[in-house]
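Enquirer:
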Amino acid sequence: MEIESVSGNPTAKKESVSDVFERIGESIESHENRIRKSFEVGLADDSPLMSVPDHVKAQFERWDNTFNLPEDKALVEKVKRQVLELTNSNRDYVREKVIDNAQKAKLEMAMKAVSKTTQGIQQLLSAQ
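At position 53 of the sequence shown (counting the first as 1) the number is 43 in the working numbering, and the numbers step up by one without a gap.
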């Protein structure tokens, strides 16, 4: 089956349904790749969301310059380790939640795409 372009141009080329589906698939894949890249950039270890905040790094530096006694330095190092552990834990949590939400969104979009495609096919068939 061939369909005419919706542009209304009488010289517009006719496309088969499989060509239309192929273009739709390519478009969806392109959007998905852009979204995936955005997630990868946002979830990189050096991104603002995932790294130790600058004010915390500055505080670590102030502590290093302020505390000179071995007992104080040991306590500061312990606090720093705990802060870094919390940051890493938060980083892992954010990654897991983003991945879960992305998978849910992908499933929802796939279901909508199937529904819209089915509706489009039904409309094409009923129009003939």
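We put the beta carbon where it would ideally sit given N, CA and C, even for glycine.
Any idea what DSSP makes of E(-8), helix, strand or coil?
Expert: Legend: pLDDT at E(-8) = 47, less than 50; position of this residue unreliable, value from coordinates given subsequently. Strand, per DSSP.
Enquirer: Which class does S28 belong to by DSSP, given the choice of helix, strand or coil?
Expert: helix
Enquirer: Alpha carbon to alpha carbon, how far is L76 from D62? Give it in angstroms, no decimals.
Expert: 21 Å
Enquirer: Would you check if the distance between the CB atom of L39 and the CB atom of R85 is smaller than 7 Å?
Expert: no
Enquirer: Look at the alpha carbon of D9 and the alpha carbon of A100, and state the distance between them as a whole number of angstroms.
Expert: Taking the straight line from one Cα to the other gives about 19 Å.
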